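Just below is one structure, and these are the notes that go with it.
In my numbering, the protein residues as written are 15 to 451.
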C-alpha cells in the first residue's frame, strides 16, 4: 500500500511538473498577443481626430457659408451638422465594420457592427494602427467619413431639402464611402492589393466627394437664375476664416494618417504646408496674369487646391515633390474652376468637382511620380493609381445617381421655386443670418 501511494505521489508530482510550464506560458502568450499601446501615439491621434472634426465644424461650414448668398448662409450649417450626426450613427452601426473589418476585397464583414469590440478593458488595436486602441482609430476614421460627405454638400447648396440631405448622408456614407475606404485602406481591399498609394485620402475623400458632388448637382439641376443673375459670396471674411481652419486641420488630416507620432508624421506635416503655399502662389499668379488682380478668395482657394493634391502624397514625398504637386494643382485647379461650369452647364454650386475632384486626381496621379523609397516603399505606378482613381470616380458617381434617383421616387429632392426664391434659411429653418439688417 505504501509503495502504491508513493508511486501515485511520484506520478502526480511529475504531472504537476509537466503542466507547470504550460500554466506559466499561458499568461506570457496572452501578454504577447495583447496590443502594446503607445501613449504618445494615442495623444497625437486624439489631437488629430479633433483637428479633422474642426475641419468640418466649423471649417467647412464657414468656408462654404461665406461663399453662399445671405439668404442661404445658415442652411449649410444645418445640412452639415445634420449630416455629421446621422453619419456618426451609421458609422457606429455598420459603416465602420464595412470599411475596416475583415471581409472580402470589396467590403468588410460585420464583426464591428454597433461598435462591437471597440469599448471596454479588452479593446484591441486595428491591423493598420497597432499602437493605438481601435476606439481611437474608429473616431479618426469617422472624422474622415464626416468631412467627405460635407464636401459633397457644397455642390448641392442652396436647393436641396434638409430631409433629403439626411437620408442621402446615411446611404452614401454606408454604401459608397465605406466600401471605397475598404478598397484602399484595408490590407484586404482590391486596390490596396494592387499597391494603390493614398496616404490620407486624395482618392478616398477628394475624388469620391468630387465625383459625387458633380453627379448630385447634375441630378438636382441648376439653381434658379444660374447663369443669368450674380451669385456672389456674401462674406469673404467668413470664408477666409473657414479656409484657415481647414488649413490648420489638414495637419491632423495628413500627419495623423501616419497613425503614430513619428518622423513620417512630421514629414507629412511639412509636405502639407509646402504644397499649400505652392498652390496659393501659383493660383494667385494665374489669376493675376488672367485679369490683373490677385484676390483673397483666389489665394485661399489655391492653398486648398495644394492641400487637396498633396493629401494622397503627404506620407510618401519630400519637400520638392510636395512643392511641385502643390504648384501643379494650383494651376490646373484654377483653370478647372474658371471654366468647368461654363463648359458643362452643370451648377456645382461651390466647385466641388473642379476643386476637390480635379485636385484629388492631380495628387493621386502624381503621388507615384514623386514618392521616394527613402520615406516609404513605392508600391504603385501612375497606371495603378490612375486605375484606382477611375474606379472610385465611377463607383461614387454611379452610386450617387442611384441613391438620389431612389430618394427622388419618394420625395422631391429640392425645395420648390418659392422657397428657393425666399432662401432656405427662412423657408427651411425659420431663421436669418442678420434679422435686423
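The C-beta atom is built at its ideal place from N, Cα and C for all residues, glycine as well.
Remember, predicted model here, so these are calculated numbers, not experimental data.
Locate the alpha helix (DSSP H) running through residue i, then write down its first and last residues.
i           : result
residue 1   : The chain is shown from 15 up to 451; residue 1 falls before or after that span and cannot be answered.
residue 435 : 431-436
residue 60  : 53-68
residue 469 : Nothing can be reported for residue 469, as the shown portion of the chain is limited to 15 through 451.
residue 377 : 372-384
residue 463 : Absent from the structure is residue 463, since the part of the chain shown begins at 15 and ends at 451.
residue 321 : 310-324
residue 207 : 204-207
residue 341 : 333-358
residue 240 : Note, residue 240: premise wrong, no alpha helix (DSSP H); not H, not E.
residue 399 : 396-424
residue 182 : 176-186
residue 196 : 192-199
residue 88  : Looking at the DSSP string, residue 88 is not in any alpha helix (DSSP H), and its letter there is neither H nor E.
residue 78  : 75-81
residue 224 : 222-234
Return the Cβ separation of residue i and residue j in integer angstroms, given the expectation that the two are a contact with Cβ distance under 8 angstroms.
i           : j           : result
residue 261 : residue 165 : At roughly 15 angstroms, the Cβ-Cβ gap does not stay under 8 angstroms, so residue 261 and residue 165 are not in contact.
residue 173 : residue 419 : 17 angstroms between Cβ atoms; not a contact.
residue 115 : residue 122 : 4 angstroms
residue 157 : residue 237 : The Cβ separation is near 30 angstroms, so there is no contact.
residue 402 : residue 162 : Contact doesn't hold; Cβ gap of about 16 angstroms is too wide.
residue 270 : residue 59  : 6 angstroms
residue 361 : residue 240 : 5 angstroms
residue 134 : residue 148 : Rounded, the Cβ-Cβ distance is 11 angstroms, inconsistent with contact.
residue 5   : residue 228 : No statement about residue 5 is possible, as the shown extent of the chain runs from 15 to 451 and does not include it.
residue 252 : residue 80  : 3 angstroms
residue 220 : residue 373 : 6 angstroms
residue 384 : residue 437 : Not a contact, Cβ separation roughly 45 angstroms.
Once the 5 residues before and after residue i are set aside, which same chain residues still bring their CB inside 6 angstroms of it?
i           : result
residue 9   : One cannot answer for residue 9 here, as it falls past the ends of the chain, which runs 15 to 451.
residue 96  : 180
residue 292 : 320, 337, 340 and 341
residue 394 : 209, 210, 211 and 382
residue 55  : 145, 146, 274 and 275
residue 233 : 418
residue 160 : 70, 98 and 101
residue 444 : none
residue 294 : 313, 316 and 317
residue 328 : 213, 214, 268, 282, 285 and 286
residue 192 : 109, 112 and 113
residue 196 : 113, 121, 122 and 203
Comparing C-alpha positions only, which one of the options sits nearest to residue i?
i           : options               : result
residue 447 : 227, 249 and 220      : 249
residue 297 : 438, 343 and 357      : 343
residue 222 : 411, 324 and 171      : 411
residue 68  : 143, 256, 206 and 194 : 256
residue 107 : 84, 132 and 380       : 132
residue 371 : 104, 226 and 187      : 226
residue 302 : 349, 269 and 284      : 349
residue 176 : 445, 288, 105 and 90  : 90
residue 326 : 258, 438, 139 and 198 : 198
residue 378 : 406, 358 and 357      : 406
residue 277 : 88, 247 and 389       : 389
residue 62  : 194, 283, 185 and 112 : 283
residue 258 : 118, 125 and 76       : 76
residue 53  : 82, 150, 280 and 369  : 150
residue 316 : 328, 380, 365 and 235 : 365
residue 430 : 192, 421, 242 and 441 : 441
residue 169 : 155, 78 and 126       : 78
residue 347 : 439, 244, 328 and 368 : 368
residue 152 : 111, 435, 396 and 88  : 111
residue 244 : 194, 426, 129 and 84  : 84
residue 289 : 324, 231, 235 and 305 : 324
residue 435 : 86, 306 and 307       : 86
residue 413 : 230, 386 and 399      : 230
residue 64  : 142, 93, 129 and 155  : 155
residue 331 : 375, 358 and 387      : 387
residue 235 : 353, 415 and 449      : 415
residue 242 : 104, 352 and 359      : 359
residue 409 : 194, 125 and 141      : 194
Going by beta carbon distance, what residues of the same chain come within less than 7 angstroms of residue i, once the five residues before and after it are set aside?
i           : result
residue 345 : 296 and 300
residue 144 : 49
residue 7   : There is simply no residue 7 to check, as the chain begins at 15 and stops at 451 in what is shown.
residue 73  : 256, 259, 260 and 263
residue 88  : 439, 443, 445 and 447
residue 119 : 202, 203, 204 and 207
Sorted by chain position, which residues of the same chain lie with C-beta nearer than 8 angstroms to residue i's C-beta, five sequence neighbours on each side aside?
i           : result
residue 280 : 269
residue 51  : 139, 145, 146 and 147
residue 18  : Since pLDDT at residue 18 reaches only 41, below the 50 mark, its modelled position is unreliable, and the value read off the structure follows with that caveat. Cβ within range, chain order: n/a, list empty.
**Prompt:** What residue ranges within the segment 90-162 form continuous alpha helix (DSSP H) runs of no fewer than 4 residues, ordered along the chain?
**Reply:** 110-114
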